[in-house]
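In the numbering used here, the protein residues as written are 25 to 571.
Let me begin by presenting the structure, written as structure tokens, before commenting on it.
Shown next, in the form of structure tokens:
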């Protein structure tokens with residue numbers, strides 16, 4: 025039975041595994057009756073799931089409907105409560121509704137049993153919920169019992185009276201908060217207006233915006249600017265490199281998602297899009313035929329745009345104008361690469377997922393069809409993918425899918441510098457005299473987006489220069505302090521391994537000027553450096569001034 029409009033709904037959330045479940049329900053019902061008997065507040069209506077935890081949509085729908093109407097949420101905190109996934113669902117769901125509405129909802133935790141610290145080590149124990157309710161001023165039955173010195177029956181009556189008083193205080197707060205909201209000029213104006221043409225409900229960043237305290241009076245998606253989890257919802261599409269990670273909730277809910285990511289060959293990226301129909305829950309508006317579609321830039325590109333669109337058939341609908349119009353909102357994430365590189369992006373078939381309070385947070389997520397990348401798009405929803413999403417943060421979710429990068433054109437750099445006996449630092453030019461030595465440095469770096477396989481470095485020396493035996497050293501990630509290598513590496517070329525994008529190698533060696541210096545004409549000599557990879561080569565030259 026659902027409460028009447030003039031009553032205040034109390035949702036009693038408890039674990040059926042507690043041995044005193046029947047006694048708990050009776051205790052709470054007595055407290056509600058005692059509060060109602062005082063007549064100081066609107067009557068309280070108690071919702072109790074006293075039929076047991078049963079699977080099926082009908083049960084979950086009844087829970088969701090009751091929570092949507094709940095003003096006072098009364099969780100009975102015990103070890104079993106913090107181990108129950110269903111209790112966790114009820115608590116999280118109410119908190120989402122409370123955050124969405126901003127008014128007329130309050131949580132009054134009933135601390136029924138102490139929770140020993142050894143429970144914290146159990147993997148399924150919801151420490152986050154325990155910490156959250158401990159921060160709320162609730163009813164601590166354990167401490168009250170310890171303070172009582174009366175008989176058992178009298179003590180029980182006193183505890184019922186204590187809970188009744190707490191419920192009365194909560195009911196007064198709810199009634200006052202709802203009255204203040206009803207009298208708010210801004211909300212009254214919004215309710216009176218109720219016309220879709222007053223709001224821009226489509227587009228990218230230029231649609232009408234709202235706040236958590238003042239949600240939208242019409243059907244619109246991702247228009248809240250102070251979402252506590254997402255921030256400005258208009259930027260609702262992000263991307264992240266998830267190479268080697270599973271396509272799961274843990275990966276999707278982790279941080280480090282960005283608007284622009286670096287493209288790397290053969291890496292896998294997750295695109296994540298937030299979906300929030302942000303009309304006020306008390307308007308009971310439902311977005312219809314909600315679909316999500318992704319556009320991925322085709323062909324070989326330097327910067328790839330991944331645009332995600334959320335469309336509905338009744339954007340702008342209000343209570344007074346329930347039809348609305350077909351429309352969409354969209355946002356983009358990007359993959360980019362260095363100048364001179366290019367790549368293609370491919371959607372990974374079967375990778376689409378949709379997470380919300382019904383599926384994904386406590387169970388397997390919805391699997392989105394590959395229609396996500398077609399003009400048709402993929403239907404979204406709440407309890408099922410039927411295209412219908414009610415208004416409120418509690419019904420929000422996020423869609424994810426995977427894409428892969430394939431490099432088409434990559435690049436690398438090669439530099440060569442010298443440092444003479446009298447030089448303090450490396451330079452592109454140096455002087456060398458007869459019999460003198462100069463230290464030479466070759467810098468190879470993979471500046472592209474694809475791993476360079478089998479990199480071979482070599483140099484060509486003019487007749488006047490001689491490699492000083494035993495001076496060749498290789499520096500790279502495996503040899504950060506340098507390793508002595510054969511001089512033949514430099515003169516005849518040597519494979520120094522494979523290098524991922526961004527990695528580098530340095531080879532140093534010394535040369536001595538042994539030939540005669542011309543008395544006139546060109547008084548310089550040149551060293552040519554050469555790097556060859558599996559799909560390209562690059563050259564660099566160093567000119568040494570002879571004196």
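Positions of the beta carbon are idealized from the N, C-alpha and C atoms, including for glycine.
Computed from a predicted structure; not experimentally measured.
- If you ignore the 5 residues before and after residue 392, its C-beta comes within less than 6 Å of the C-beta of 376, 378 and 402, all in its own chain and listed in chain order.
- Within the model, the alpha-carbon separation for residue 394 versus residue 374 is close to 6 Å.
- The continuous alpha helix (DSSP H) containing residue 103 extends over residues 103-107.
- Closest in alpha carbon position to residue 458, among 485, 489, 110 and 467, is 489.
- In this chain, residue 274 is not harboured by any beta strand (DSSP E); it is covered by the alpha helix (DSSP H) spanning 273-277.
- Nearest C-alpha to residue 493 among 560, 165, 535 and 261: 535.
- Of the candidates 134, 132, 133 and 149, 149 places its Cα closest to the Cα of residue 140.
- By the criterion of a C-beta distance shorter than 6 Å, residue 419 is surrounded in its chain by 406 and 413, once the five residues flanking it on both sides are discounted.
- Around the C-beta of residue 95, 16 or more other C-beta atoms lie within 10 Å, and the residue is accordingly described as buried.
- Closest option to residue 91, judged by alpha-carbon separation, among 381, 362, 367 and 223: 381.
- Assignment of beta-bridge partners to residue 246 by DSSP yields no partner.
- When DSSP assignments are scanned along the stretch 27-69, the uninterrupted stretches of alpha helix (DSSP H) that are 4 or more residues long and fall wholly within it turn out to be 45-62.
- At a cut-off of 3 residues, the continuous stretches assigned as beta strand (DSSP E) that sit fully inside the stretch 387-463 are 421-433, 437-444 and 453-456.
- Of the candidates 550, 551, 518 and 570, the residue whose Cα lies closest to the Cα of residue 557 is 518.
- Straight-line spacing of the CA atoms in residue 404 and residue 302 works out to 15 Å.
- Inter-segment contact for the stretch 270-283 and the stretch 337-344 is absent: fewer than three beta-carbon pairs are separated by less than 8 Å.
- With fewer than 16 neighbouring CB atoms inside 10 Å of its own CB, residue 344 falls in the exposed class.
- Beyond the five residues adjoining it in sequence on each side, residue 549 comes within less than 7 Å, by CB distance, of 486, 488, 489, 568 and 570 in the same chain, given in chain order.
- Shown here, residue 381 sits in coil according to DSSP, grouped into three states, outside any helix or strand.
- Judged by DSSP secondary structure, residue 513 falls within the alpha helix (DSSP H) whose first and last residues are 512-516.
- Counting the other Cβ atoms within 10 Å of the Cβ of residue 477 gives fewer than 16, which makes it exposed.
- In this structure, the straight-line span from the alpha carbon of residue 147 to that of residue 279 is close to 22 Å.
- Three or more beta-carbon pairs separated by less than 8 Å are not found between the stretch 251-258 and the stretch 317-327, which leaves the two stretches without contact.
- Within the same chain, Cβ atoms closer than 6 Å to the Cβ of residue 565 are found at 550 and 552, the five residues on either side in sequence being excluded.
- If you look at residue 258, you'll find it isn't in any beta strand (DSSP E); DSSP assigns it neither H nor E.
- With a cutoff of 7 Å on beta-carbon distance, residue 520 and residue 481 are scored as near each other.
- At the C-beta level, residue 59 and residue 180 stay beyond 7 Å of one another.
- Look at residue 153 here: in three-state DSSP terms it is helix.
- For residue 293, the enclosing beta strand (DSSP E) has its first and last residue at 292-299.
- Around the beta carbon of residue 103, a 10 Å sphere encloses 16 or more other beta carbons of the protein chains shown; the residue is thus reported as buried.
- Residue 355 is positioned such that its CB atom lies no closer than 7 Å to that of residue 267.
- Taking the CA atoms as reference points, residue 295 sits about 44 Å from residue 497.
- Looking only at 224, 40 and 469, the smallest Cα-Cα distance to residue 561 is reached by 469.
- CA-CA distance, residue 233 to residue 198, rounds to 27 Å.
- Contact annotation, residue 292 with residue 466: C-beta distance approximately 34 Å; criterion of less than 8 Å not satisfied.
- Relative to residue 473, the option among 287, 528, 513 and 507 whose CA is nearest is 287.
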